[in-house]
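2 protein chains.
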Amino acid sequence: MAANVQDVIMLLGDSITQGGWEPHGFAQQLAYVYNRKLDVVNRGMSGYNTEWIIPVLEQCFATRDDRAPLPTVRLLTIWLGANDAAQPPTRQHVPLAQYRANLRALVRTVASPDSPRYSPATRVLLLTPPPVSEPMWARRQAEKVPPRALDRRFDVTRAYADAVREVAGELGVHVVDVWSAIWTRAGEKEEGLAEYLRDGLHLTESGYNVVFEILMEAISTHFPEMHPDKLQPVFPYFDEIDDEDPRSSLQKRDAFAT
Amino acid sequence: MAANVQDVIMLLGDSITQGGWEPHGFAQQLAYVYNRKLDVVNRGMSGYNTEWIIPVLEQCFATRDDRAPLPTVRLLTIWLGANDAAQPPTRQHVPLAQYRANLRALVRTVASPDSPRYSPATRVLLLTPPPVSEPMWARRQAEKVPPRALDRRFDVTRAYADAVREVAGELGVHVVDVWSAIWTRAGEKEEGLAEYLRDGLHLTESGYNVVFEILMEAISTHFPEMHPDKLQPVFPYFDEIDDEDPRSSLQKRDAFAT
């Protein structure tokens, strides 16, 4: 942890991750609870699929040789599929088998010892894409100028969510199952989705609240050492500053060194 | 701009800056509008005064020698005074003359060519502390266990806000005058402050909206080249990705190289 930097949580994904900086978005809520402990960097790119995000990750995640002065990524969330699951001829479409291969490539970029970006200090979580509401997304597509056809299907996105769980099981990575959490809370009914989806594809505040809740549950369960309550602030709380010698009590600390 | 990092906006301050990660806080709103262009790092530390924040800045801002692989801080906001203006014997108190000297030291840390942290690429903005509501803060202090006396005064914080403007004028740094903007919107009446202050000292969503508005105005006026609309996303918008050769169109770019 060099001067100028703190360790970070990196959020890799599509527009649903990018929108995480909205008020009550999951990035905003993470930044709030990890304030003074870890920085949150949002690498969500609207419209991106797994195919396009692979070179992005390679350019956002330092190689081992470059890493020394740079922030350590303590948690990497990988959340794609909403665009991969778009129907051809939509150019965002990535076939299911290739989607699985891309997820493996993304995880291995940081988790495989033979990768130049291998980072044993980085915890990885795979998130499933949220369910799609076909009627809502069809309306949104029809409103565009010129109008567009429905290019996302409930059953297809469900199959992509299934693939995330399969790949995660195969690689031994933990899953944050956004698809199931939202579908369950919607009462497994199409009309229940309006509370969680703003346009049939992207999330409302309630949707992001679900994501934040199950993400924090996953951290508590699988990586309890990085729950915000277990970390110390990098600089001390003000009532811990030594009145006699403030400067020596203001030494930068490792958030994890508690 | 090395792998893993993007240029950043750094927010230096006290609890009012730290609270910027609340929904609709000014950090959240900056992160939202600068998404995919600049990262926002919050270096707000609850209860800190200028005296304590000086060693913090020295440890958060890289020296010239260390800087090469690290993110460039493109904008540094310095927002303190709410705690410096606390009345003795409150240990956060910093006398007005020392507060002025500390503000000069903070600005010179990055703006003075003979500083080891001199950074001509960094734009600096000084923010004035918000006005204090004595009745609201007295109530909040009385509710604490054990109850505490009123330790912030409207007139004293106003004098600290005046000092920010004076130091800024002296050093040729631009000011974001939070004190005047909120006091004006409050109709220059004590009872008007409740809209903008949550406890007489810290900001409500409306208060942060004012800060975000005048901060963006300052950027537009003084540093128009770094308005978010003038920056390109570090990775291209998805409809700019080359279908034939996606990887070559996915080269990381300088947000400022438009």
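Residue numbers (my numbering), protein chains in the order written: chain A, 32 to 289; chain B, 32 to 289. Just so you know, even glycine gets a beta-carbon here, dropped at the ideal spot from N, CA and C. From a predicted model like this one, the values you see are computed outputs, not experimental measurements.
Can you find the residues in the same chain that come closer than 8 Å, C-beta to C-beta, to residue i, ignoring five residues on each side of it along the sequence?
i: Glu-197 (chain B); result: Arg-131
i: Trp-52 (chain B); result: Ala-58, Gln-59, Asn-73
i: Ala-217 (chain B); result: Pro-162, Gly-223, Leu-224, Glu-226, Tyr-227
i: Ser-211 (chain B); result: Thr-159, Ala-192
i: Pro-166 (chain A); result: Glu-221, Gly-231
i: Ala-194 (chain B); result: Gly-112, Leu-127, Tyr-130, Arg-131, Leu-134
i: Phe-243 (chain B); result: Phe-57, Gln-60, Leu-61
i: Ser-237 (chain B); result: Glu-226, Tyr-227
i: Thr-235 (chain B); result: Glu-226, Tyr-227, Leu-228, Arg-229
i: Arg-278 (chain A); result: none
Tell me which residue opens and which closes the alpha helix (DSSP H) that residue i is part of.
i: Arg-278 (chain B); result: 277-280
i: Ile-245 (chain B); result: 236-253
i: Thr-81 (chain A); result: 81-91
So, for residue i: in the same chain, excluding its five sequence neighbours on each side, which residues have a beta-carbon less than 6 Å away from its beta-carbon?
i: Val-206 (chain B); result: Leu-157, Arg-196, Ala-199
i: Ala-62 (chain A); result: Val-71
i: Asp-182 (chain A); result: Ala-117, Gln-118, Thr-121
i: Phe-254 (chain A); result: Arg-154
i: Val-187 (chain A); result: Ala-116
i: Gly-112 (chain A); result: Pro-160, Tyr-191
i: Val-36 (chain B); result: Pro-102
Would the beta-carbon of residue i be found less than 7 Å away from any heavy atom of the ligand GDP?
i: Arg-284 (chain B); result: For the structure depicted, the ligand GDP is absent and the ligand set is empty, with no information on it obtainable.
When you compare each of the options to residue i by their alpha carbons, which one comes out closest?
i: Gly-75 (chain B); options: A:Tyr-268, A:Phe-287, A:Leu-224, A:Pro-178; result: A:Tyr-268
i: Ile-245 (chain A); options: A:Asp-208, A:Gly-44, A:Ser-77, A:Pro-102; result: A:Asp-208
i: Trp-110 (chain A); options: A:Tyr-79, A:Glu-174, A:Trp-214; result: A:Tyr-79
i: Asp-276 (chain B); options: A:Glu-82, A:Leu-69, A:Arg-67, A:Asp-276; result: A:Glu-82
i: Ala-93 (chain B); options: B:Arg-171, B:Ile-40, B:Pro-147, B:Arg-170; result: B:Pro-147
i: Pro-4 (chain B); options: A:Ser-280, A:Lys-175, A:Leu-127; result: One cannot answer for residue 4 (chain B) here, as it falls past the ends of chain B, which runs 32 to 289.
i: Glu-219 (chain B); options: B:Asp-97, B:Gly-56, B:Arg-189, B:Ser-143; result: B:Arg-189
i: Val-138 (chain B); options: B:Glu-236, B:Gly-203, B:Val-241; result: B:Gly-203
i: Trp-214 (chain A); options: A:Thr-159, A:Thr-252, A:Leu-42; result: A:Thr-159
i: Lys-175 (chain B); options: B:Asp-230, B:Trp-210, B:Ala-152; result: B:Asp-230
i: Tyr-149 (chain B); options: B:Asp-273, B:Glu-165, B:Val-125, B:Thr-103; result: B:Thr-103
i: Gln-123 (chain A); options: B:Met-167, B:Ala-286, B:Asp-273, B:Thr-289; result: B:Asp-273
i: Leu-43 (chain A); options: B:Arg-67, B:His-55, B:Gly-56; result: B:Arg-67
i: Pro-178 (chain A); options: A:Arg-170, A:Phe-287, A:Gln-37; result: A:Arg-170
i: His-258 (chain A); options: A:Phe-287, A:Val-242, A:Glu-271; result: A:Phe-287
i: Leu-101 (chain A); options: B:Ala-128, B:Asp-38, B:Ala-194; result: B:Asp-38
i: Thr-289 (chain B); options: B:Arg-278, B:Glu-271, B:Glu-256; result: B:Glu-256
i: Thr-140 (chain B); options: B:Gln-90, B:Pro-54, B:Ala-99, B:Val-36; result: B:Gln-90
i: Ser-164 (chain B); options: B:Tyr-239, B:Arg-184, B:Thr-108, B:Val-241; result: B:Arg-184
i: Gln-172 (chain A); options: A:Asn-240, A:His-233, A:Ser-143; result: A:His-233
i: Asp-285 (chain B); options: B:Leu-262, B:Ala-99, B:Asp-145; result: B:Leu-262
i: Pro-54 (chain A); options: A:Leu-88, A:Asp-97, A:Asn-240, A:Ala-99; result: A:Asn-240
By the DSSP assignment, the beta strand (DSSP E) with residue i in it spans what residues?
i: Val-39 (chain B); result: 39-44
i: Val-206 (chain B); result: 205-207
Could you name the residues of chain C that residue i contacts, counting a contact when the two beta carbons are closer than 7 Å?
i: Tyr-79 (chain B); result: Among the protein chains of the structure shown, namely A and B, there is no chain C.
Who are the near neighbours of residue i in its chain, counting only those whose CB is closer than 7 Å to its CB and skipping five residues on each side?
i: Ile-40 (chain B); result: Leu-61, Tyr-65, Leu-69, Val-71, Arg-105, Leu-106
i: Lys-283 (chain B); result: Val-265, Phe-266
i: Ala-136 (chain B); result: Ile-85
i: Ser-77 (chain A); result: Asp-45, Ser-46, Gln-49
i: Ala-249 (chain A); result: Leu-156, His-205, Val-207
i: Val-125 (chain A); result: Asn-80, Thr-81, Glu-82, Asp-115, Asn-133
**Report entry** Unbroken stretches of the beta strand (DSSP E), 3 residues or longer, contained in the stretch 47-77 of chain A
**Finding:** If one requires a minimum length of 3 residues, the beta strand (DSSP E) runs lying completely within the stretch 47-77 of chain A are 70-75, in chain order.
Report task. Return the chain-ordered ranges of every beta strand (DSSP E) run that is complete within the stretch 142-199 of chain B and spans a minimum of 3 residues. Result -> 154-158
**Report entry** Segments of 4+ residues assigned as alpha helix (DSSP H) that fall wholly inside the stretch 102-142 of chain A
**Finding:** 127-142
Requested in this report: Residues of the stretch 93-123 of chain A with a CB closer than 9 Å to any CB of chain B: list them in chain order, please.
Outcome: Going along the stretch 93-123 of chain A in chain order, one finds Ala-93, Thr-94, Asp-97, Arg-98, Ala-99, Pro-100, Leu-101, Pro-102, Val-104, Asn-114, Arg-122, Gln-123 with a Cβ nearer than 9 Å to chain B.
Query - the stretch 42-56 of chain B: positions lying closer than 8 Å to chain A by Cβ - result: Gln-49, Trp-52, Glu-53, Pro-54, His-55
**Report entry** Contacting positions in the stretch 166-181 of chain B - beta carbon closer than 7 Å to chain A
**Finding:** none
Query raised in the report: Given a limit of 7 Å on CB to CB distance, which residues of the stretch 271-285 of chain A reach chain B?
Result: Ile-272, Asp-274, Pro-277, Arg-278, Leu-281, Lys-283
Query raised in the report: Which residues, taken in chain order from the stretch 244-263 of chain B, show a beta carbon closer than 8 Å to some beta carbon of chain A?
Result: none
Query raised in the report: Taking a cut of 7 Å between CB atoms, which residues from the stretch 205-230 of chain B lie near chain A?
Result: For the stretch 205-230 of chain B, which is checked against every Cβ of chain A, not one residue is closer than 7 Å.
Requested in this report: Output, in sequence order along the chain, the residues in the stretch 143-166 of chain B whose CB is closer than 8 Å to any CB in chain A.
Outcome: none
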